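Reading through the structure tokens given below for one structure.
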Amino acid sequence: MHKVIFTANTFSEKQIEVLRQKGINIVKQPSNLSEGNLIEALQDAEGYILGGDEIATKHVIEMAKHLKIISFLGVGYERYIDVRVAKEHGIVVTNTPGANSQAVAEFTVSLILDVVKKITYLNELSKNGIWEKPHVWNLHNRTVGIIGMGNIGSKVAKILHDGFGMRVIYVSRSVKGHVEEAFGAKKVTLDELFAQSDVVSVHVAQADETVNMIKKQQLTLMKPTSILVNTARAEIIDGHALYEALITNQLSAAAFDAYYIEPLPERSQDEYKLMSLPNDKFVLTTHNAYNSIDAIETMNEMIINGLIDMFEGRKPIHQI
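Residue numbers (the numbering used here): 1176 to 1495.
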């Protein structure tokens, strides 16, 4: 039997049995393993499904002498797996591209509506006995700026254009002809996007060239009424610059679905200070945009097929 450890709990018993019949034994592990515990768990494992908050560091990979495949349950693997070292050791790395794009797109639009309509803030006021009615605004005829017009970005653009009548502008490495034709979208520079948008939505992967790509220079261009929503990695945005922009009202509010430190620190230990801002300024969710039942099932199937391919001598389809 090929031993595969799994640091999540998304497989059904039926799926585990399917793998067992293929000679693959799934061994569940906690989703918050320390480096030492992860090394211990991988000692005799041939496969590893990374579904928790742990990180497959250089040291972890070097110590996993029998490991043949790392399957990442998601898309953005960059901060969790040292892929270069894995490849140097002949370890195949896979992920699940596109599986959660609809889930993340819907969650993104939900955050946009939450911030624009002040839903979380009003809920907090109401439950504290405060009956205030702050002004909100409509999305219709406003401009959304999409940073990263890939699978998720294009779905967000479709929902906001078709459903709310928003004008779409975007930043991407290449012209997206199908998006321009479908939504009348226009490719612009990063600075132009921040100056023109009422809603800025971030959908780029974390890489050396995208860390802090949004900084003071861009934030100072924003309209005072505009909002910034980030369902990509927090590191795309300079957190210190964002805090200053929010407290000086250079933009109205921001919302993140991931943070610079995960799991989250105590508010007093948050060096970026965003967690201390009121709910009408900053909304934070627990890196949960991808986590729909539908997306998880699709990711499970992709992971299962990849493992079967690997251990039956075929190249996994979604190899990185």
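Note that the Cβ used here is the ideal one computed from N, Cα and C, for glycine as well.
Here the structure is a predicted model, which is why all the values come from computation and not from measurement.
Sheet register partners of residue i (DSSP bridge)
| i | result |
| --- | --- |
| asparagine 1466 | Its beta-bridge partners do not exist; DSSP assigns none. |
| serine 1246 | Ile1224, Thr1269 |
| phenylalanine 1181 | Lys1203, Ile1224 |
| valine 1458 | Ala1430 |
| lysine 1292 | In the DSSP output, where bridge partners are listed per residue, lysine 1292 has none listed. |
| alanine 1231 | Ile1256 |
| lysine 1362 | Tyr1345 |
| glutamine 1494 | Thr1269 |
Start-to-end residues for the beta strand (DSSP E) that takes in residue i
| i | result |
| --- | --- |
| glycine 1320 | 1318-1322 |
| isoleucine 1402 | 1402-1405 |
| phenylalanine 1186 | No beta strand (DSSP E) holds phenylalanine 1186; DSSP gives it neither H nor E. |
| serine 1372 | From DSSP, serine 1372 is part of no beta strand (DSSP E); its letter is neither H nor E. |
| lysine 1343 | Looking at the sequence shown, residue 1343 is not lysine but valine. Segment 1342-1346, the beta strand (DSSP E) holding valine 1343. |
Closest residue to residue i among the options (Cα-Cα distance)
| i | options | result |
| --- | --- | --- |
| glycine 1352 | Glu1472, Leu1452, Gly1325 | Gly1325 |
| glutamate 1419 | Ile1436, Thr1406, Ser1443, Gln1393 | Gln1393 |
| isoleucine 1163 | Val1284, Tyr1296, Arg1254, Ala1278 | A question about residue 1163 goes unanswered here, because the residues of the chain that appear run from 1176 up to 1495. |
| isoleucine 1199 | Gly1338, Gly1481, Tyr1435 | Gly1481 |
| proline 1453 | Arg1195, Val1290, Arg1317 | Val1290 |
| serine 1467 | Gln1277, Gly1320, Val1350, Val1386 | Gln1277 |
| proline 1309 | Asn1316, Leu1300, His1315 | Leu1300 |
| isoleucine 1170 | Met1450, Ile1411, Glu1355 | In the structure displayed, the chain extends from 1176 to 1495; residue 1170 sits before or after that span and is not available. |
| alanine 1464 | His1378, Arg1489, Leu1396, Met1485 | His1378 |
| glutamine 1425 | Met1397, Arg1408, Ala1416, Ile1412 | Met1397 |
| glutamate 1502 | Asp1432, Ser1329, Met1485 | With the chain covering only 1176 through 1495, there is no way to say anything about residue 1502. |
| valine 1331 | Ser1349, Val1375, Asn1316, Lys1292 | Val1375 |
| alanine 1500 | Met1485, Tyr1223, Ile1327, Gly1320 | Limits of the chain in this structure are 1176 at one end and 1495 at the other, which puts residue 1500 out of reach. |
| glutamate 1281 | Gly1338, Lys1243, Leu1217 | Gly1338 |
| alanine 1261 | Tyr1255, Val1343, Ile1236, Ser1246 | Ile1236 |
| asparagine 1313 | Lys1292, Asn1303, Asp1484, Gly1323 | Lys1292 |
| isoleucine 1201 | Pro1491, Gly1488, Ile1483, Lys1490 | Ile1483 |
| leucine 1335 | Ile1322, Lys1490, Gly1226, Phe1358 | Phe1358 |
| lysine 1448 | Asp1469, Asp1413, Thr1461 | Asp1413 |
| phenylalanine 1181 | Gln1196, Asn1207, Lys1197 | Asn1207 |
| lysine 1486 | Gln1190, Ser1209, His1315, Glu1221 | Checking the displayed sequence, the identity of residue 1486 turns out to be phenylalanine instead of lysine. Of Gln1190, Ser1209, His1315, Glu1221, the residue nearest in Cα terms is Glu1221. |
Test item: CB-CB of residue i and residue j under 9 Å
| i | j | result |
| --- | --- | --- |
| valine 1179 | glutamine 1494 | no |
| valine 1404 | alanine 1429 | yes |
| aspartate 1373 | serine 1401 | yes |
| serine 1285 | asparagine 1475 | no |
| alanine 1382 | glutamate 1215 | no |
| lysine 1361 | tyrosine 1345 | yes |
| serine 1427 | proline 1399 | yes |
| leucine 1242 | isoleucine 1266 | yes |
| aspartate 1432 | threonine 1406 | yes |
| isoleucine 1321 | isoleucine 1389 | no |
| tyrosine 1434 | leucine 1417 | no |
| glycine 1226 | threonine 1185 | yes |
Whole-Å CB distance - residue i paired with residue j, under 8 Å assumed
| i | j | result |
| --- | --- | --- |
| threonine 1232 | glycine 1249 | Actually they do not touch by this definition, with Cβ atoms about 18 Å apart. |
| aspartate 1228 | glutamate 1441 | About 17 Å separates the two Cβ atoms, so there is no contact after all. |
| arginine 1348 | glycine 1251 | Not a contact, Cβ separation roughly 17 Å. |
| leucine 1194 | isoleucine 1479 | 6 Å |
| isoleucine 1245 | isoleucine 1230 | That pair is no contact at about 11 Å. |
| isoleucine 1327 | valine 1279 | 5 Å |
Residue span of the alpha helix (DSSP H) that contains residue i, given as start and end
| i | result |
| --- | --- |
| phenylalanine 1358 | 1352-1358 |
| valine 1311 | First-last for valine 1311: undefined, no H or E at that position. |
| valine 1379 | Run containing valine 1379: none; DSSP gives neither H nor E here. |
| isoleucine 1411 | Unbroken run through isoleucine 1411: none, as it is neither H nor E. |
| isoleucine 1214 | 1210-1216 |
| arginine 1259 | 1258-1263 |
| glycine 1328 | 1326-1339 |
| leucine 1394 | 1391-1394 |
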